[in-house]
Amino acid sequence: MFSGIKLSDQGYIRNDDECIREKRLSSANELTAFSENVLPHLNAAYNLARWLTRNDQDAEDVVQEASLRAFKYWKGFSGGDCRSWLLAIVRNTFYSWVRQRSAQPELTDDGEIDDIDDGIANPESALLQNADREMLKAALEDLPVEFREAIVLREMEGLSYKEIADIGGVPIGTVMSRLARARKRLQIYLTKTAPENCL
Numbered sequence: 001m002f003s004g005i006k007l008s009d010q011g012y013i014r015n016d017d018e019c020i021r022e023k024r025l026s027s028a029n030e031l032t033a034f035s036e037n038v039l040p041h042l043n044a045a046y047n048l049a050r051w052l053t054r055n056d057q058d059a060e061d062v063v064q065e066a067s068l069r070a071f072k073y074w075k076g077f078s079g080g081d082c083r084s085w086l087l088a089i090v091r092n093t094f095y096s097w098v099r100q101r102s103a104q105p106e107l108t109d110d111g112e113i114d115d116i117d118d119g120i121a122n123p124e125s126a127l128l129q130n131a132d133r134e135m136l137k138a139a140l141e142d143l144p145v146e147f148r149e150a151i152v153l154r155e156m157e158g159l160s161y162k163e164i165a166d167i168g169g170v171p172i173g174t175v176m177s178r179l180a181r182a183r184k185r186l187q188i189y190l191t192k193t194a195p196e197n198c199l
């Protein structure tokens, strides 16, 4: 009967126990590498998911699914910025999550022109500094999903335009446009809401 002895790359004979130990060691090394490189970015992943889903429990579900996907494809990761890679997976997982629930994210057309009065003095800085958390949260949640995504990745996660473009699979110009439009919408929302809150 065959004893399960195999020829290794080095030319010597190994048995099944040695092969099993080698596979376990390889798996442990992959898990360690994944843990060291990806897990430190789970807070950023949750932050993005929270702003996209607008719900703590849904964000946790999205991050959990994204983490499982990231681990599944860890062997195929070619190196580079783990944070951007993980955030791209979170973003894609969110859109899959939305499709599975037959809910439509509030996407805008790329050609949409916002009716914004550019003559408004820049109250954005003052309002953002003085606005309470709830008002700012409401303003962010009022944004269409692709604007909210761009603002969270840029302003909260500190990613570059190129990193955001890579995550979203869009040109840098689109990222810049979305950020500009999102900031103007935030400015208008906060400008209109601030007087109401003062009454």
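The numbering used here applies: residue 1 is where the sequence shown begins, and numbers increase by one. Glycine is no exception: its CB is placed at the ideal position from the N, C-alpha and C atoms.
- 4 or more residues per run - each alpha helix (DSSP H) lying fully within the stretch 149-173: 161-168
- Using a Cβ-Cβ cut-off of 7 angstroms (strictly less than) and excluding sequence neighbours within five positions of Trp85, which residues of its own chain qualify? Phe77
- Task: Report buried or exposed for Glu157, applying the criterion of at least 16 other Cβ atoms within 10 angstroms of its Cβ.
- Result: buried
- Beta carbon of Leu190 nearer than 8 angstroms to that of Ala139: yes
- Which first and last residues belong to the alpha helix (DSSP H) in which Leu68 is found? 56-72
- Classification of Ala66 by the beta-carbon crowding that lies within 10 angstroms, buried from 16 upward: buried
- Message: By the three-class DSSP mapping on this structure, what secondary structure does Asp81 have?
- Response: coil
- Message: Considering only the alpha carbon of each residue, which of Asp61, Thr32, Glu30, Lys72 lies closest to Ala45?
- Response: Asp61
- Query: Are the beta-carbon atoms belonging to Ala88 and Ile167 less than 8 angstroms from one another?
  - Reply: yes
- Test item: CB-CB of Ile188 and Val175 under 8 angstroms: no
- Query: Around the C-beta of Glu36, are 16 or more other C-beta atoms found within 10 angstroms, so that it is buried, or is it exposed?
  - Reply: exposed
- Task: Specify the secondary structure class of Pro242 as computed by DSSP and reduced to three states.
- Result: Nothing about residue 242 can be read from this structure; the chain reaches only from 1 to 199.
- Item | Backbone secondary structure at Val38 - three-state DSSP | coil
- Query: Between the C-alpha atoms of Leu42 and Val63, what's the straight-line distance to the nearest angstrom?
  - Reply: 8 angstroms
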